[in-house]
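Student:
Number of protein chains: 2
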Amino acid sequence: MTERRFIRRGDASASERSAKPSSRKRTDDKRERILRGAVKVFAKKGFYASRVSEIAKAAGVADGTIYLYFDSKDDVLESLFEDRTERLLATLRVELAKQPDPPSRLRRLIELQLGLLDGQRELAEVITVNLRQSTRLLRQYGSKRFVEYLELMASVVSEGQKSGHFRDDLSPRVMARALFGALDGLALTWALGEARTGGLEKAASQLAELWIRGLSPAAPSATSAE
Amino acid sequence: MTERRFIRRGDASASERSAKPSSRKRTDDKRERILRGAVKVFAKKGFYASRVSEIAKAAGVADGTIYLYFDSKDDVLESLFEDRTERLLATLRVELAKQPDPPSRLRRLIELQLGLLDGQRELAEVITVNLRQSTRLLRQYGSKRFVEYLELMASVVSEGQKSGHFRDDLSPRVMARALFGALDGLALTWALGEARTGGLEKAASQLAELWIRGLSPAAPSATSAE
DNA sequence: GTTGCGTGACTGAACGGCGATTCATTCGGC
DNA sequence: GCCGAATGAATCGCCGTTCAGTCACGCAAC
Numbered sequence: 025m026t027e028r029r030f031i032r033r034g035d036a037s038a039s040e041r042s043a044k045p046s047s048r049k050r051t052d053d054k055r056e057r058i059l060r061g062a063v064k065v066f067a068k069k070g071f072y073a074s075r076v077s078e079i080a081k082a083a084g085v086a087d088g089t090i091y092l093y094f095d096s097k098d099d100v101l102e103s104l105f106e107d108r109t110e111r112l113l114a115t116l117r118v119e120l121a122k123q124p125d126p127p128s129r130l131r132r133l134i135e136l137q138l139g140l141l142d143g144q145r146e147l148a149e150v151i152t153v154n155l156r157q158s159t160r161l162l163r164q165y166g167s168k169r170f171v172e173y174l175e176l177m178a179s180v181v182s183e184g185q186k187s188g189h190f191r192d193d194l195s196p197r198v199m200a201r202a203l204f205g206a207l208d209g210l211a212l213t214w215a216l217g218e219a220r221t222g223g224l225e226k227a228a229s230q231l232a233e234l235w236i237r238g239l240s241p242a243a244p245s246a247t248s249a250e
Numbered sequence: 025m026t027e028r029r030f031i032r033r034g035d036a037s038a039s040e041r042s043a044k045p046s047s048r049k050r051t052d053d054k055r056e057r058i059l060r061g062a063v064k065v066f067a068k069k070g071f072y073a074s075r076v077s078e079i080a081k082a083a084g085v086a087d088g089t090i091y092l093y094f095d096s097k098d099d100v101l102e103s104l105f106e107d108r109t110e111r112l113l114a115t116l117r118v119e120l121a122k123q124p125d126p127p128s129r130l131r132r133l134i135e136l137q138l139g140l141l142d143g144q145r146e147l148a149e150v151i152t153v154n155l156r157q158s159t160r161l162l163r164q165y166g167s168k169r170f171v172e173y174l175e176l177m178a179s180v181v182s183e184g185q186k187s188g189h190f191r192d193d194l195s196p197r198v199m200a201r202a203l204f205g206a207l208d209g210l211a212l213t214w215a216l217g218e219a220r221t222g223g224l225e226k227a228a229s230q231l232a233e234l235w236i237r238g239l240s241p242a243a244p245s246a247t248s249a250e
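Line order of the protein sequences matches chains P and E.
Start counting the first sequence at 25; every next residue gets the next number (my numbering).
Start counting the second sequence at 25; every next residue gets the next number (my numbering).
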């Protein structure tokens with residue numbers, strides 16, 4: 025009955041802290057503030073242990089205001105995920121197109137994904153941990169973004185196979201899932217652990233090394249592989 | 025609303041317990057039944073959306089009985105995780121010791137972990153999804169098992185490096201986290217997707233292929249490694 | 001063998017706290 | 001003055017947990 029979600033973000037242009045209290049009109053700025061508050065609170069306590077009033081407090085708005093911009097607490101999480109993943113996907117698409125060949129694209133993909141999280145512990149935690157908590161939602165509503173994401177990875181692999189840069193006895197879809205998992209796992213343990221800035225960078229570089237060699241078509245003769 | 029559930033005691037459990045006339049003594053059989061019920065319910069609805077009464081129903085016991093065996097709903101999840109992970113770790117340790125060299129151990133580890141979940145969609149889902157939901161707990165109480173698990177993986181890698189089977193420019197700890205993530209990611213997408221029995225087997229084999237080549241010391245071409 | 005009793009495992013209705021959501025009211029901008 | 005964004009205290013339904021009873025079993029007494 026209450027369809028209140030009529031505010032939509034025009035684009036990524038989030039006019040930040042313009043020193044302008046300006047009008048009492050609804051603003052994307054307020055919506056963004058709520059999302060940012062949510063990241064903080066969710067990261068600290070997890071989705072279910074987070075109180076709506078805490079999010080409101082972190083965002084500097086009243087409890088009720090949240091319901092002017094979102095349908096429910098669940099909707100806040102979902103929107104947050106949707107919003108951030110969209111940004112990530114957009115960045116990835118642009119950056120990957122710049123790379124000359126599939127191996128470079130693979131490396132860039134890994135570096136970018138982890139690089140964007142580096143220095144953003146809270147966001148990393150929300151994405152890795154809370155993504156799972158809304159899995160129920162994701163499954164029910166079918167996470168379009170998530171699938172898009174996996175497909176992007178799979179396409180890098182399959183293009184590499186076509187071009188002869190990668191061995192072709194491994195399924196791109198399986199590789200995409202495994203790579204997603206590996207990135208997620210690194211981000212998770214990093215976010216829950218020390219989370220030193222720059223820590224993910226080294227990990228990214230190593231992961232890229234592993235994958236590029238792992239996907240290489242050259243049959244290692246020296247290895248006593250059996 | 026005001027819909028009280030009917031717990032038909034003995035109903036579902038009667039056939040199960042037919043052989044042995046149940047004594048009125050506390051049994052870990054009952055504890056195990058609760059854990060199994062919990063797996064079913066958690067897998068279907070997720071931890072937070074699961075009701076204690078649903079677990080009781082699935083286990084064929086009364087709501088209150090759960091509190092004879094566990095401290096709280098959280099304790100049920102924690103115990104479940106603890107219990108199942110312990111089993112997995114024990115199996116892994118035994119099996120890995122049988123393998124002749126690190127590459128075989130790595131392959132076996134991957135096959136075993138995914139193989140044990142194959143055909144157990146519900147358990148896979150609880151482990152991959154709910155593990156995250158209790159992350160808060162895991163962090164606070166320090167997950168000993170989880171760390172043990174990562175260390176087991178890291179040790180396989182570092183042994184391989186010492187023996188010359190694996191390249192030594194990659195950190196075993198990073199590799200362990202990435203491998204954990206890859207396995208977790210495969211299990212997750214499998215559990216949430218079609219979950220065909222045998223589906224994980226193929227994935228396991230491919231993942232092993234990737235990792236073994238990826239960790240191989242032979243440089244296939246002029247890779248400006250590192 | 002049978003009866004009666006004490007023990008404690010088990011039950012499930014009721015409780016109580018809590019927190020997401022609502023809505024009467026306020027108030028700034030035009 | 002009017003509109004509607006923003007507020008935040010009050011509401012209300014939900015569900016984890018409790019605990020007063022129930023009853024099966026083992027045992028002792030006969």
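Where a beta carbon is used, it is the ideal one built from N, C-alpha and C, also for glycine.
Out of curiosity, what's the CA-to-CA distance linking Gln137/E and Glu119/E?
Tutor: Looking at the two C-alpha atoms, the distance is approximately 11 Å.
Student: Can you list, in chain order, the residues of its chain with a C-beta nearer than 6 Å to that of Leu141/P? Leave out the 5 residues immediately preceding and following it.
Tutor: Ala148 and Ala211, listed in sequence order.
Student: Would you say Thr213/E lies against chain P (beta-carbon separation less than 8 Å)?
Tutor: So yes, Thr213/E belongs to the interface.
Student: If you draw a straight line from the alpha carbon of Ala178/P to that of Pro126/P, how long is it in whole angstroms?
Tutor: Approximately 11 Å between the Cα atoms of the pair.
Student: For Pro45/E, which residues from the same chain have a beta carbon less than 6 Å from its beta carbon, with the 5 sequence-adjacent residues on both sides left out?
Tutor: Note on Pro45/E: pLDDT 46, under 50, position unreliable in the model; the coordinate value appears next. Nothing meets the Cβ criterion.
Student: Assuming Gly205/E is part of the alpha helix (DSSP H), what are its boundary residues?
Tutor: Pro196 to Leu216 is the extent of the alpha helix (DSSP H) around Gly205/E.
Student: What is the DSSP secondary structure of Asp125/E, counted as helix, strand or coil?
Tutor: If DSSP states are grouped into helix, strand and coil, Asp125/E belongs with coil.
Student: For a test of the three-state rule: what should DSSP assign to Tyr93/E, helix, strand or coil?
Tutor: Tyr93/E: helix per DSSP, three-state reduction.
Student: According to DSSP, is Ser103/P helix, strand or coil?
Tutor: Ser103/P: helix per DSSP, three-state reduction.
Student: Can you pull the chain P residues whose beta carbon is under 9 Å from the beta carbon of Ser195/E, in chain order?
Tutor: Ordered by position in chain P, the residues that pass the 9 Å Cβ test against Ser195/E are Lys226, Ala227 and Gln230.
Student: May I ask which residues mark the beginning and end of the alpha helix (DSSP H) holding Ala227/P?
Tutor: Taken as a continuous stretch (DSSP letters only), the alpha helix (DSSP H) holding Ala227/P covers Gly223 to Leu239.
Student: Please compile the residues from chain E whose C-beta is within a distance smaller than 7 Å of the C-beta of Leu156/P.
Tutor: In the sequence under discussion, the amino acid at residue 156/P is Arg, which differs from the Leu named in the question. Val153, Arg156 and Gln157, listed in chain order.
Student: Assuming the contact rule is C-beta atoms closer than 8 Å, Val76/P and Lys54/P should be a hit. Round their C-beta distance to whole Å, please.
Tutor: Actually they do not touch by this definition, with Cβ atoms about 15 Å apart.
Student: Looking at chain E, which residues of the region 199–212 of chain P have a Cβ within less than 8 Å of any of its Cβ atoms?
Tutor: Of all residues in the region 199–212 of chain P, Met199, Arg201, Ala202, Leu203, Phe204, Gly205, Ala206, Leu207, Asp208, Gly209, Leu210 and Leu212 have a Cβ within less than 8 Å of some Cβ in chain E.
Student: So is Leu155/P buried or exposed if we call it buried at 16+ other beta carbons inside 10 Å?
Tutor: Leu155/P is buried by the Cβ-count criterion.
Student: If we count the other Cβ atoms within 10 Å of its Cβ and call it buried at 16 or more, is Leu239/E buried or exposed?
Tutor: Under this definition Leu239/E is a buried residue.
Student: Is it buried or exposed, Ser182/E, if we count other Cβ atoms within 10 angstroms and call 16 or more buried?
Tutor: So Ser182/E ends up on the buried side.
Student: I need the DSSP call for Gln144/E, collapsed to helix, strand or coil.
Tutor: Gln144/E falls in the coil class under three-state DSSP.
Student: Quick check: the region 190–205 of chain E against the region 199–216 of chain P, are at least 3 beta-carbon pairs closer than 8 Å?
Tutor: Touching, per the Cβ criterion.
Student: Scan the region 71–98 of chain E for residues whose Cβ lies nearer than 7 Å to a Cβ of chain P and list them as they occur along the chain.
Tutor: If the cut-off is 7 Å between Cβ atoms, the region 71–98 of chain E has Tyr72 and Ala73 near chain P.
Student: Contact criterion: CB-CB distance below 8 Å. Does Pro45/E meet it with respect to chain P?
Tutor: For Pro45/E, the pLDDT reaches just 46, beneath the cut-off of 50, and the residue's location in the model is therefore unreliable, leaving the point undetermined.
Student: With a threshold of 8 Å, are at least 3 pairs of Cβ atoms found where one atom belongs to the region 84–94 of chain P and the other to the region 58–67 of chain P?
Tutor: Counting Cβ pairs under 8 Å, three or more are found: they touch.
Student: Which residue's Cα is closest to the Cα of Tyr173/P: Ala67/P, Glu102/P, Ala83/P and Arg117/P?
Tutor: Of the listed residues, the one whose Cα sits closest to Tyr173/P is Arg117/P.
Student: Excluding sequence positions up to five away, which residues of its chain have a Cβ less than 8 Å from the Cβ of Leu113/P?
Tutor: Cβ neighbours of Leu113/P beyond the five flanking positions: Arg169, Glu172, Tyr173 and Leu176.
Student: Can you look up Phe190/P in the DSSP assignment and give me helix, strand or coil?
Tutor: Phe190/P: coil per DSSP, three-state reduction.
Student: Rounded to whole angstroms, how far is the Cβ of Glu135/P from the Cβ of Val63/P, which I believe are closer than 8 Å?
Tutor: About 23 Å separates the two Cβ atoms, so there is no contact after all.
Student: Give me, in chain order, the residues of the same chain whose beta-carbon lies closer than 8 Å to that of Tyr72/P; leave out the 5 immediate sequence neighbours on both sides.
Tutor: Excluding sequence neighbours, Tyr72/P sits near Gln157.
Student: How would you write the range of the alpha helix (DSSP H) that Ala83/E sits in, first residue to last?
Tutor: Note, Ala83/E: alpha helix (DSSP H), Val76 to Ala83.
Student: For Ala121/P, count neighbouring C-beta atoms within 10 Å of its own C-beta (all shown protein chains included) and say buried if the count is 16 or more, exposed if not.
Tutor: Under this definition Ala121/P is an exposed residue.
Student: Trp235/P and Asp224/P - do their beta-carbons sit closer together than 8 Å?
Tutor: The amino acid occupying residue 224/P in the given sequence is Leu; Asp does not appear at that position. Result no, Cβ atoms of Leu224/P and Trp235/P do not sit closer than 8 Å.
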